[in-house]
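S.K.: Questions regarding the structure given below will be posed in turn.
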């Protein structure tokens, strides 16, 4: 008599495994919808190439070419087979400067955006969740920063504090968070008006549980979209401050290249090759981040996706 063995039963999935499975499924769904936007995919590809080149710059190029005392070419040399984008007023390769300048511009843009979005998210969530005098104080502080021109305040901070990348990041991040705070506050108020928040509080959920388990997971997609759009503004702000001579004098960025070109008369000398590469680099990166941000906004905002489908 033969006995049949039943296959081993599948162990029950824990709540954590179910949560992560749902998150992976949601991420896959977002990616499929994002891939249908040609502009967003093109922006993502361009960003990937630029970030890869910036990361590989130390391995693919010789950093000594950035030293003015070791400039390999003649000043103001036009583009040629040896120097594809010509040379600057010291004889350094403009291609090398542009390549290395991408590192600083991307680093400052991303770091300043993380600082700005972090401050704005904390302020917005706290103002909406706690209410009362906490909300009043935080909203008054937010209104104060909204009234002040962010570029002027960044200029003041960059002038008062020692010059360096940290100062630029701090100046941009501290002055550009109010819009994120108001956006996150509005989204948090919408989330906390839902019935499951009341059930969570009735079951004994404290502030940390409500914010960490319910509010932040619902707000983070909007914060992520706002981050991609804020990076573009941060890169423009860094380029503006560096163009005005308030950047890190020891590092090459696209803004500092434009400042140097203007300071040494590249326009009067007809050295267009010193002006176009950094300017085009700023335009391309800002456009790529904007395309990615708009595509994500359409995917994660059902109302925008519905209106786009109607068009």
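Residue numbers (our numbering): 373 to 683.
In this text, a Cβ means the ideal position worked out from N, Cα and C, and glycines have one as well.
Fair warning: this is a prediction, and the values are worked out from it, not measured in the lab.
How would you call residue 646, buried or exposed, if buried means at least 16 neighbouring beta carbons within 10 angstroms?
M.R.: It is buried - the Cβ of residue 646 has at least 16 other Cβ atoms within 10 Å.
S.K.: Starting from residue 448, trace the alpha helix (DSSP H) both ways and give me its first and last residue.
M.R.: That residue, residue 448, is in no alpha helix (DSSP H); it is neither H nor E in DSSP.
S.K.: Could you pull out every residue in the same chain whose Cβ sits closer than 8 Å to the Cβ of residue 442, ignoring the five residues on either side in sequence?
M.R.: 436
S.K.: Any chance you could list the beta strand (DSSP E) runs of at least 3 consecutive residues sitting entirely within the stretch 453-530, in chain order?
M.R.: none
S.K.: Does the distance from the C-beta atom of residue 653 to that of residue 631 stay below 8 Å?
M.R.: The beta carbons of residue 653 and residue 631 sit no closer together than 8 Å.
S.K.: For residue 608, which of 651, 510, 434 has the nearest alpha-carbon?
M.R.: 651
S.K.: In the structure shown, what three-state DSSP assignment does residue 647 receive?
M.R.: helix
S.K.: My assumption, with CB atoms under 8 Å, is that residue 579 sits in contact with residue 563. Please give the rounded CB distance.
M.R.: 14 Å between Cβ atoms; not a contact.
S.K.: Output yes or no for whether 8 Å exceeds the beta carbon distance between residue 601 and residue 665.
M.R.: yes
S.K.: Would residue 483 be called buried (16 or more neighbouring beta carbons within 10 Å of its own) or exposed?
M.R.: buried
S.K.: Rounded to whole angstroms, what is the Cα-Cα separation between residue 598 and residue 669?
M.R.: Roughly 8 Å between the two C-alpha positions.
S.K.: Quick check on this structure: which residue in 410, 500, 466, 449 has the alpha carbon closest to the alpha carbon of residue 583?
M.R.: 500
S.K.: With a threshold of 7 Å (Cβ to nearest heavy atom), would residue 561 be considered close to the ligand ATP?
M.R.: The ligand ATP is not among the ligands present in this structure, which contains no ligands whatsoever.
S.K.: Do residue 496 and residue 553 have their C-beta atoms closer together than 8 Å?
M.R.: yes
S.K.: Residue 663 by DSSP, collapsed to three states: which one?
M.R.: helix
S.K.: Can residue 429 and residue 456 be called in contact, C-beta distance under 8 Å?
M.R.: no
S.K.: So, at 7 Å on beta carbons, what are the nonlocal neighbours of residue 382 in its own chain, with the 5 sequence-adjacent residues on each side left out?
M.R.: Low per-residue confidence applies at residue 382: pLDDT is 47, beneath 50, and the placement is therefore not dependable enough to give any value.
S.K.: Would you report the Cα separation of residue 571 and residue 417, rounded to the nearest angstrom?
M.R.: Cα to Cα, the separation comes out at about 44 Å.
S.K.: Is the distance from the Cβ of residue 476 to the Cβ of residue 523 below 8 Å?
M.R.: In this structure, residue 476 lies away from residue 523, with their beta-carbon atoms at least 8 Å apart.
S.K.: How far does the alpha helix (DSSP H) with residue 631 in it extend, from its first residue to its last?
M.R.: 626-635
S.K.: Flag this pair as touching only if the stretch 450-469 and the stretch 508-522 have three or more C-beta atom pairs under 8 Å; answer yes or no.
M.R.: No contact exists between the stretch 450-469 and the stretch 508-522.
S.K.: Short check: CB of residue 591 to CB of residue 547, under 8 Å?
M.R.: One thing to note: residue 591 has its Cβ no nearer than 8 Å to the Cβ of residue 547.
S.K.: For the alpha helix (DSSP H) that contains residue 604, what are its first and last residues?
M.R.: 588-615
S.K.: Following the continuous alpha helix (DSSP H) through residue 569, name the residue where it begins and the one where it ends.
M.R.: 567-574
S.K.: Which one of 478, 596, 636, 648 has the shortest CA to CA distance from residue 427?
M.R.: Closest option to residue 427, judged by alpha-carbon separation, among 478, 596, 636, 648: 478.
S.K.: Helix, strand or coil: how does DSSP classify residue 383 here?
M.R.: Caution is warranted here: a pLDDT of 49 is assigned to residue 383, below 50, making its placement in the model unreliable, and the coordinate value is therefore given only provisionally. Residue 383: coil per DSSP, three-state reduction.
S.K.: Return the residue from the list 528, 459, 433, 655 that minimises the CA-CA distance to residue 445.
M.R.: Selected option, being the one with the closest Cα: 459.
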